[in-house]
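Using full-length UniProt numbering, read the sequence shown as starting at 1 and increasing by one per residue.
Here the structure is laid out as structure tokens; the discussion comes afterwards.
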Amino acid sequence: MVERQEIIHLYRVCGYSKRRISRELHCSRHTVDNILFEYEAALNKEDPDEALCDLLSTPPRYDSSKRRPRVLTPQVKSEIDACLKRNDAKLALGMRKQRMLKKDIHLYLLEKGYSVSYPSVCNYIRGKEQGKGKKSSEAFIRLFYKPGEVVEFDWGEAVLFIDGVKTKFYLAVFTFGHSNGRYAYLFRHQNTLAFMESHRNFFRDINGVPSLMVYDNMRVAIKSFVGGEKTPTDSLLRMADFYRFRYRFCNVRAGWEKGHVERSVEFVRRKAFCHMDRFKDVFSAQEHLSAVCKRMNALDTSPSTMGKSLQVDADLASLQGLPGHLGCFEVAEYTVDKWATIHMKHVHYSVPDTLVGEKVRVKVYSEKIVILHGKEKVASHQRSYRGGDWCIRLEHYLNTLLRKPGALTHSVAWHTAHEGIRKLYEKHFQGENKAFVMLLLYAKENGFSQDELVRAALSLQARGVRRISAEQVKAMLQSGVDKTENTENTDPDSQEQDIENAALGTLDSLTALMGNMEINFLQTNKQMKQ
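In structure tokens form, the structure reads like this:
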């Protein structure tokens, strides 16, 4: 800009020629010609003073359209093209929301050691995209939230590979309005049970309850619309009464009114499952998701996240007290079939073989089921969502196998049994099926887990015993060597168990009350007919 003013000054005031100005300032003759051409064009306009003022105050612009990229090398372009190709593959698999954004591709290139700017990446990708119109702009108002006051909730989708099987999951995402702290949970269904369980898990993890929960118009939160009035579902009312929080709904088709969580779903899904989407089971996937959320909430390395960890701490410190844990399960009644299983939603779950023909009650959670006979817990299983699956445990068939020991190694229960139990049989109890079944029955009746049984056998081997008998294993179990708590126990903690038992007691009372009312009604009706 100083050079332009100096050129005009030498030409206008000093009367220098263009060639002399070029020699004096050591610049190109074409540069002098271009600047003086703009100057003379400004003088010929209707308002030359204003035009000249604009010319002198506007910085010079250079034509960079013919420049060749120096940083965006063919190697960098091939890396970007590979990322875009992976995005196309995910789009074909129905994983549209887990594609890499431009910022993710830029971060990926930096991690690979390439020194390239974010605008260069954007310009290259934009040049490859065709037929995309300009989006209309809209202004939004940034809202203010007090610490711990507002939490926004929303659902999202994620496609993962669990044990090699492509599976669709739903993300329940919670976002603090003050700090933008995020928490997320995986569920197989977007139903009432998952809705309640996600809230219970969230309140348990933050050890408190916010004052206000914000929802959009989701089915699990709104029962019906009557004019402009929205009726909350029974599950939402139940949670609001138990945890003592207020709730608010967004306007129809205005999910952006939640402010934070709309982008949080996309952000959490991208950060958690953009690079890693294959897991052994749903529990390892949830552990990975929780770890990613924990890292994001502690992120304090850029201007946009400056002080975020302190804001999250302020949110957690300002929450209402946690009144307890809400029992989140459904209760159903089933009859045990001849296979000693219950058939629930096209899946068989085993129970002790002594209950064939009996009625049992099932507490159905999102990821497990607990089977009760009366008030006694008789079985628990990880819930299966594969139609036609059989979830069978060997210990449920020991009484039958005691009468039919020859069927032990040919049964489905045997092939799904503990690997250590099968190795113990193959090494020390070949041909002694009945003795082995009696050993398993002894361990079950005396409260020893299968892990403890295997550890007892390993302890005998460590002491130099080559041929292990059932009596030796029993003696080792009784001696208490390596006795630990049962690692297969899936019961909730004691407080949660008390809440669930109380809920079941309430259901029993209501059932009995309805039964008495029906009997009284029938008796009264009979007397009236007489």
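Glycine included, each C-beta is placed from N, C-alpha and C at the ideal position.
Straight-line gap, residue i to residue j (C-alpha atoms, nearest Å)
| i | j | result |
| --- | --- | --- |
| VAL220 | THR231 | 11 Å |
| CYS293 | PHE283 | 15 Å |
| GLN430 | HIS199 | 51 Å |
| GLU471 | LEU439 | 8 Å |
| VAL473 | TYR442 | 10 Å |
| MET100 | ARG270 | 7 Å |
| THR484 | ASN446 | Per-residue confidence for THR484 stands at a pLDDT of 44, beneath the threshold of 50, marking its modelled position as unreliable; the derived number appears in the next sentence. In a straight line, the C-alpha of THR484 is about 14 Å away from that of ASN446. |
| LYS427 | ARG466 | 10 Å |
| VAL209 | LEU319 | 5 Å |
| VAL331 | VAL364 | 6 Å |
| ASP482 | ARG455 | Caution is warranted here: a pLDDT of 45 is assigned to ASP482, below 50, making its placement in the model unreliable, and the coordinate value is therefore given only provisionally. Each residue's alpha carbon lies about 7 Å from the other. |
| LYS368 | LEU107 | 39 Å |
| GLY94 | MET196 | 28 Å |
| ASP315 | TYR145 | 10 Å |
| LYS434 | LEU408 | 9 Å |
| TYR39 | GLU6 | 12 Å |
| THR73 | PHE267 | 30 Å |
| LEU109 | ASP54 | 42 Å |
| HIS415 | ASP163 | 19 Å |
| LEU10 | PRO48 | 19 Å |
| ILE342 | SER78 | 56 Å |
| GLN286 | LYS280 | 11 Å |
| ASN486 | TYR247 | No answer about ASN486 holds up, because its pLDDT of 43 lies below 50 and its placement is not dependable. |
Residue i burial status per 10 Å Cβ neighbour count (16 or more: buried)
| i | result |
| --- | --- |
| PRO60 | exposed |
| VAL437 | buried |
| GLN311 | buried |
| ARG29 | exposed |
| ASN207 | exposed |
| ALA92 | exposed |
| VAL226 | exposed |
| ARG4 | buried |
| GLN450 | buried |
| SER350 | buried |
| ILE105 | buried |
| ALA340 | buried |
| ASP88 | exposed |
| HIS178 | buried |
| ASP216 | buried |
| ILE392 | buried |
Where residue i sits in the DSSP three-state scheme
| i | result |
| --- | --- |
| LEU36 | helix |
| LYS168 | strand |
| ARG61 | coil |
| THR409 | coil |
| LEU143 | coil |
| ILE392 | coil |
| GLY127 | helix |
| LYS223 | strand |
| ARG182 | strand |
| THR490 | In this prediction, THR490 has a pLDDT of 43, which is less than 50 and means its spatial position is unreliable; what the coordinates show is noted afterwards. Three-state result, THR490: coil. |
| residue 533 | Because the chain is modelled from 1 through 530, residue 533 falls outside the range shown and cannot be assessed. |
| THR341 | strand |
| ARG12 | helix |
| GLU152 | strand |
| GLN190 | coil |
| MET95 | coil |
| PHE332 | The sequence given here places Ala at residue 332; Phe does not occur at that position. Strand. |
| TYR118 | helix |
| THR400 | helix |
| ALA417 | coil |
| HIS30 | helix |
| GLN430 | coil |
| MET213 | strand |
Beta-carbon spacing of residue i, residue j below 8 Å
| i | j | result |
| --- | --- | --- |
| TYR373 | GLU358 | Note that residue 373 is His in the sequence shown, not Tyr. Contact flag set, yes. |
| TRP390 | HIS348 | yes |
| LEU355 | VAL378 | yes |
| GLU152 | LYS97 | no |
| LEU460 | ILE468 | yes |
| ALA272 | HIS288 | yes |
| LEU453 | ILE421 | yes |
| SER235 | THR175 | no |
| LYS45 | ASP33 | no |
| LEU160 | ASP277 | yes |
| ARG188 | PHE169 | yes |
| VAL71 | SER120 | yes |
| TYR334 | VAL360 | yes |
Closer than 8 Å to chain B by CB, residue i
| i | result |
| --- | --- |
| MET218 | Here chain B cannot be found, since the structure has a single protein chain. |
Problem set entry | Length at least 3, wholly inside the segment 442-470: the beta strand (DSSP E) runs in chain order | none
Problem set entry | Runs of beta strand (DSSP E) wholly within the segment 351-390 (minimum 3 residues, chain order) | 359-364, 368-373, 376-382
Exercise. Can you give, in chain order, each stretch of the beta strand (DSSP E) that sits fully within the segment 236-318 and has at least 3 residues?
Worked result: 246-249
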